[in-house]
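Quick notes on the structure that follows.
Number of protein chains: 2
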Amino acid sequence: MKKADINSVEIARLAGVSRSTVSRVINNYANVPPKTREKVMKVIQQYNYFPNASAQVLAGKRARTIGLFLIAPGHVSSDMLVNRMIVSVIEDVSAYGYYVLTHIIRDASDQETVRNVKEIFFQRRIDGGIFIGAANREPFIEELIAEGFIVGVVDQQHPEIPQSNRIVANFNNDSGMKQAVAYLTGLGHTRIGVINGDMNRLSGPTKYEGFLKAMQLCGLQVNQDWVLDGSFHEESGYEAIYSFLRKNGERPTAIIAANDSVAFGAIRALKEHGLQVPEDISVIGFDDHALSEKHHPPLTTIRVDFSDMLKQLTSILIGKIEQPTDDVKQITLECSLVVRDSCRRV
Amino acid sequence: MKKADINSVEIARLAGVSRSTVSRVINNYANVPPKTREKVMKVIQQYNYFPNASAQVLAGKRARTIGLFLIAPGHVSSDMLVNRMIVSVIEDVSAYGYYVLTHIIRDASDQETVRNVKEIFFQRRIDGGIFIGAANREPFIEELIAEGFIVGVVDQQHPEIPQSNRIVANFNNDSGMKQAVAYLTGLGHTRIGVINGDMNRLSGPTKYEGFLKAMQLCGLQVNQDWVLDGSFHEESGYEAIYSFLRKNGERPTAIIAANDSVAFGAIRALKEHGLQVPEDISVIGFDDHALSEKHHPPLTTIRVDFSDMLKQLTSILIGKIEQPTDDVKQITLECSLVVRDSCRRV
DNA sequence: CTGAAAGCGCTTACAG
DNA sequence: CTGAAAGCGCTTACAG
């Protein structure tokens with residue numbers, strides 16, 4: 001069924017030149033006279049010839065493929081944020097003529113899974129990779145970097161010894177938290193609680209520390225009863241509030257959630273308990289999730305631009321792939337407050 | 001920086017065997033004595049050796065990669081449905097040890113774009129591809145199939161002459177529409193309108209024809225003023241209703257939307273016009289979008305299982321890749337009514 | 001059971 | 001400006 005594959009020697013024969021010349025026109029070498037180039041191009045187009053990618057890579061070209069690794073235990077398919085990121089990366093790299101091999105890691109502690117990820121790098125299927133959602137200092141990512149692979153990591157601590165093949169991308173979560181606390185303070189809140197994210201990810205502790213610092217700056221007391229555990233997922237926000245309310249202790253007037261998903265869950269739990277947002281309690285999120293605007297109530301949040309981050313990250317990554325240099329690259333993006341209707345003045 | 005890459009001759013040398021033998025243990029040939037296998041495996045593991053994928057492919061192995069092509073003019077990143085599909089395919093194929101190269105096609109009429117897609121096939125980056133969201137009989141996909149590539153297509157008409165390398169996957173939209181009309185009829189509706197999808201996609205006309213047939217079956221008259229144009233996107237649902245209401249003509253008591261996104265848009269337009277759903281008008285969607293359940297009101301819809309479809313499709317696709325056969329494969333999945341709160345009895 | 005050798009389809013110094 | 005040749009790292013008949 002499949003048409004006999006045509007290759008460069010066939011093209012060479014048909015064009016009356018050598019394979020070397022065919023290769024030269026394909027790779028846009030300067031020293032090919034226009035006449036020759038034209039002649040060869042005509043045959044190439046006529047026969048719908050495209051050089052075999054594996055042969056090119058084996059002969060020293062790049063795979064022009066980057067790996068996109070999403071660490072996400074179970075929740076990926078429903079999270080629009082992840083979707084945005086996948087699409088962002090695909091479109092960003094395609095502008096450079098690159099492809100993306102997307103991989104989902106359900107359990108980063110599973111040996112088999114880790115082996116598969118490493119395999120992708122070692123097999124040279126990709127020229128570099130981006131990891132999103134990993135625990136801070138995830139060992140196997142560190143290994144990959146130590147091995148010399150070009151890796152972009154989102155939400156990871158900078159290493160003590162900077163490495164030129166590690167590109168770190170973060171948001172200024174510290175500043176984001178300050179904005180959140182300052183905003184609430186401005187509305188008159190003094191009793192502010194927080195639902196934390198996953199403390200194994202860098203943004204977990206970073207946001208919490210930012211919260212503590214911001215509270216101090218505003219001269220507010222942190223009530224440890226109002227510091228709730230979470231994990232960046234909606235369910236964790238729900239559960240945090242659910243079990244908090246069961247205790248029937250004193251309540252904060254405002255809650256800062258580690259991200260918008262957590263805020264959604266928290267609000268759901270509050271509603272179920274008969275508490276209105278923002279009438280009875282104010283809630284502020286983080287990320288500006290696609291659904292936050294349409295949420296009831298529309299969620300006040302700290303906006304973060306993942307698309308912009310990934311655009312910068314992929315650009316640097318591909319730059320490093322094409323031209324490995326010793327300079328250390330890292331990016332930090334600012335966050336900004338988006339006021340909607342989930343917080344009220346007290 | 002990068003550790004000297006180790007290759008099979010090096011492994012062979014270290015294990016005291018020939019490259020042939022190394023290859024044999026890697027490829028699990030039967031005729032390797034356990035002792036030898038063990039010896040070689042030890043070296044392989046010790047040196048963290050993974051065979052170079054390009055070399056393997058060039059030597060005749062499969063790329064173990066399938067292409068996932070999403071045709072989606074602009075709206076991809078916000079549509080959770082697309083996300084679900086991407087993730088589904090990735091996870092489905094990874095169960096077979098395959099990878100996916102995801103590609104987004106913004107404009108299938110752009111020559112450059114089409115060339116890029118073809119290139120991916122001709123370069124042998126992938127063993128086969130899946131197209132989602134394409135116009136029915138999209139010419140370049142037909143070309144690819146004619147060329148002999150193994151292709152899975154969602155929502156496409158079966159060809160007159162069946163081809164073994166074309167795998168067609170559809171939902172039984174006809175039955176879905178019948179269920180929708182029958183349900184509304186059961187609630188006492190006789191004045192039923194419809195917002196169509198993109199008529200260039202198979203499901204556009206199929207759903208509409210299903211609607212017409214179902215109306216006839218139920219002995220109902222189709223009012224052409226209530227047949228509105230759309231395109232499967234929310235905005236089109238909004239616009240369809242918006243301009244319909246401006247005309248101030250007679251109104252249907254129920255509307256069937258080509259999919260849930262369209263229904264969301266339609267409901268938004270109705271609300272803006274001061275009409276309540278389902279009090280003033282009933283609306284039923286199609287797909288059972290992830291947001292339909294949380295919508296206000298929760299949307300009654302015809303459920304369709306994309307994950308199941310893609311699971312079957314990828315399974316057949318990979319089967320064909322590994323063992324090309326002449327049998328023609330196609331799948332059709334049933335739809336089912338999900339009753340929620342967007343339709344009322346009249 | 002195992003090795004030597006050919007071959008997969010390219011690219012790129014090298015020589016002219 | 002251009003061709004012959006080596007090399008990329010594998011796999012797989014072939015022969016023993």
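First to last, the sequence lines map onto chains A and B. UniProt numbering numbers the first residue of the first sequence as 1 and each following residue consecutively. UniProt numbering numbers the first residue of the second sequence as 1 and each following residue consecutively. Here a beta-carbon is modelled for each residue, glycine too, at the ideal position from N, C-alpha and C.
Asked: DSSP state of Ser243 (chain A) mapped onto helix, strand, coil; Found: helix
Asked: Boundaries of the alpha helix (DSSP H) in which Arg84 (chain A) is found, first to last residue; Found: Met80 to Ser94
Asked: Contacting residues, own chain, Cβ-Cβ under 6 angstroms from residue 350 (chain A) (five flanking each side not counted); Found: In the structure displayed, chain A extends from 1 to 346; residue 350 (chain A) sits before or after that span and is not available.
Asked: Whole-number beta carbon distance between Ile126 (chain B) and Ile195 (chain B), since they are thought to touch under 8 angstroms; Found: Contact doesn't hold; Cβ gap of about 36 angstroms is too wide.
Asked: is_contact[Ile44 (chain B), chain A] using C-beta, thresh 9 angstroms; Found: no
Asked: Stretch pair the region 289-297 of chain B + the region 164-178 of chain B: three plus CB contacts closer than 8 angstroms; Found: no
Asked: Validate contact between the region 31-50 of chain A and the region 31-39 of chain B using beta carbons, cut 8 angstroms, 3 pairs; Found: no
Asked: Per-residue contacts from Val304 (chain A) into chain B (C-beta, under 8 angstroms); Found: Neighbours of Val304 (chain A) on chain B: none; closest Cβ ~16 angstroms, over 8 angstroms.
Asked: Beta-carbon proximity list for Arg19 (chain B), same chain, < 6 angstroms, skipping 5 on both sides; Found: Ser8, Val9 and Ala12
Asked: Chain B contact for Pro51 (chain A) (CB, 9 angstroms cutoff); Found: yes
Asked: Neighbour list for Ile90 (chain A) in chain B, Cβ cutoff strictly below 8 angstroms; Found: Thr102, His103 and Ile104
Asked: Three or more C-beta pairs below 8 angstroms linking the region 198-209 of chain A and the region 270-283 of chain A; Found: no
Asked: Straight-line Cα distance separating Asp79 (chain B) from Asp155 (chain B); Found: 18 angstroms
Asked: Three-state class that DSSP yields for Ser20 (chain A) in the structure shown; Found: helix
Asked: Cα-Cα separation, Leu187 (chain B) to Gly285 (chain A); Found: 42 angstroms
Asked: Rounded straight-line distance, which links the Cα of Pro298 (chain B) to that of Leu212 (chain A); Found: 40 angstroms
Asked: Opposing strand residues paired with Arg166 (chain B) [DSSP bridges]; Found: B:Val151
Asked: Residues that Ile26 (chain B) bridges to, as DSSP identifies them; Found: Beta-bridge pairing links Ile26 (chain B) to no other residue.
Asked: Per-residue DSSP class, three states only, for Arg251 (chain B); Found: coil
Asked: Range covered by the alpha helix (DSSP H) that runs through Gly265 (chain A); Found: Asp260 to Glu272
Asked: Three-state secondary structure (DSSP) of Ile256 (chain B); Found: strand
Asked: Residue burial classification, Pro324 (chain A) (beta-carbon count within 10 angstroms, cutoff 16); Found: exposed
Asked: Neighbouring residues, chain B, relative to Ser282 (chain A) (Cβ below 7 angstroms); Found: Residues of chain B passing the Cβ test: none, with the nearest at roughly 22 angstroms.
Asked: Closest by C-alpha distance to Val222 (chain B), when choosing among B:Gly230, B:Ser231 and B:Gly210; Found: B:Gly210
Asked: 9 angstroms Cβ cut-off: residues of chain B touching Met199 (chain A); Found: Those do not exist, as Met199 (chain A) stays about 26 angstroms from chain B at its closest Cβ, beyond 9 angstroms.
Asked: Assigned exposure category for Arg84 (chain B) - 16 Cβ within 10 Å defines buried; Found: buried
Asked: Span separating the alpha-carbon of Asn248 (chain B) from that of Asp225 (chain B); Found: 11 angstroms
Asked: Option in A:Asp107, A:Gln330, A:His189 and A:Thr314 with minimal Cα separation from Pro162 (chain A); Found: A:Gln330
Asked: Collapsed DSSP secondary structure at Gly193 (chain A) in the structure displayed; Found: strand
Asked: Start-to-end residues for the alpha helix (DSSP H) that takes in Thr113 (chain A); Found: Gln111 to Phe122
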